[in-house]
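Below is one structure, written out as structure tokens; comments come after it.
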Amino acid sequence: MPTTHDSRYLAFSCTRHDTDISAFGRLALAAALCVMFTWFPALAMAGQSPAPATTTISTAAAPSTALCASCHGEHGAGSDVLGTPRLAGMNPEYLAHALSMFKDGTRASVIMQPVAQRLSPDDMHALATYFSAQHAPLAQAQHVPSADLISAGKRLAESGGVHDVPACFSCHGSSGQGNGARFPAIAGQPMTFSIARMREFQARAKAAPPKPGSMTEVASRMDDAQIEASAAFFSVTMP
Ligand code: HEC
Ligand code: HEC
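All letters in the sequence shown, in the order written, are residues -10 to 228 by our numbering.
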């Protein structure tokens, strides 16, 4: 049911900031950047290329949760079409740490880095606390995954699989609900986000040898089918 926050509405109504970045679907990125430029006109004026990590935005006030909601959903369910993660119910320290990594450039994202640039440590803490206390239904899927794909993902989550891929539950909690500040909840994450994130871990593993026991190392062992199946399973599993 379309609402003013419906990402499909944004996707179809706002395409003028289309770019060549391949991390998200073109449609999703156009929509996400559209939201960004609506909130941060300074970025749109800065030129064609997406904002680098060093961009500073001089607006004084800290963004309200309404800014976050425009991409992550009102209660932080995330969005499959935008490729944005679920924030609802996630560990607050994990969320705050993720924001600080975007801010200092140690976690890549042309979208989140400029958002995080504006946030003080107190803002990050407040936003993280807010979203960790939210409850949200699963984000609506663009394509409902097949039952076969979901059960392949469930097997991988419970028992691991070929190429010595370990069981996801062994680190992410017994149902993917997360474990402390280090191991995020992966249940409930929209499929497009999980796939993009695992591909990013893989790219990182190619650039430098991953630390044993890190997600970068786990992802480096995974093949495309394992990525797709696990992302499908977690996208239909409530954390
Ligand atoms: C224009 C869209 C957009 C806006 C606005 C936005 N985000 Fe994001 N956010 C994203 C995308 C896309 C990602 C995924 C980035 C990646 O991993 O490549 C993300 C990732 C995150 C993550 C990492 C979560 C995880 O599980 O890894 C956190 C935390 C986050 N955003 C918090 C916020 C907060 C808080 C706000 C408001 C101040 C906000 N975001 C505003 C698009 C947005
Ligand atoms: C050895 C422990 C370990 C195992 C096993 C593991 N992970 Fe992870 N995973 C992590 C850690 C640690 C992080 C956080 C990485 C970071 O913040 O940079 C993570 C992050 C993630 C993320 C990003 C979540 C977010 O919100 O940003 C996804 C998606 C993910 N893992 C999927 C999986 C899947 C699917 C499996 C099973 C095939 C799996 N993981 C198995 C340790 C593990």
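Where a beta carbon is used, it is the ideal one built from N, C-alpha and C, also for glycine.
Taking 7 angstroms as the cut-off, the C-beta of R107 does not count as close to any heavy atom of ligand 2. Exclusion of I139 from the 7 angstroms shell around ligand 2 follows from its C-beta lying no nearer than that to any non-hydrogen atom of the ligand.
Closest option to M180, judged by alpha-carbon separation, among V99, G62, A221: A221.
The criterion of a C-beta distance shorter than 8 angstroms is not satisfied by A117 and S68. When only Cα atoms are considered, R188 and T205 end up about 9 angstroms apart. The Cβ atoms of C60 and L71 lie closer than 8 angstroms to each other. S89 sits in a helix when the DSSP states are folded into three classes.
When DSSP assignments are scanned along the stretch 83 to 144, the uninterrupted stretches of alpha helix (DSSP H) that are 4 or more residues long and fall wholly within it turn out to be 101 to 106, 110 to 121. Under the criterion of beta carbons closer than 8 angstroms, I184 and I216 qualify as touching, at roughly 6 angstroms. Looking from the CA of G78, the closest CA among G202, D213, G177 belongs to G177.
Taking each of A197, T54, V207 in turn and checking the Cα distance to F120, the smallest one comes out for T54. Remark: the shortest separation between the CB of S59 and any heavy atom of ligand 1 falls under 7 angstroms.
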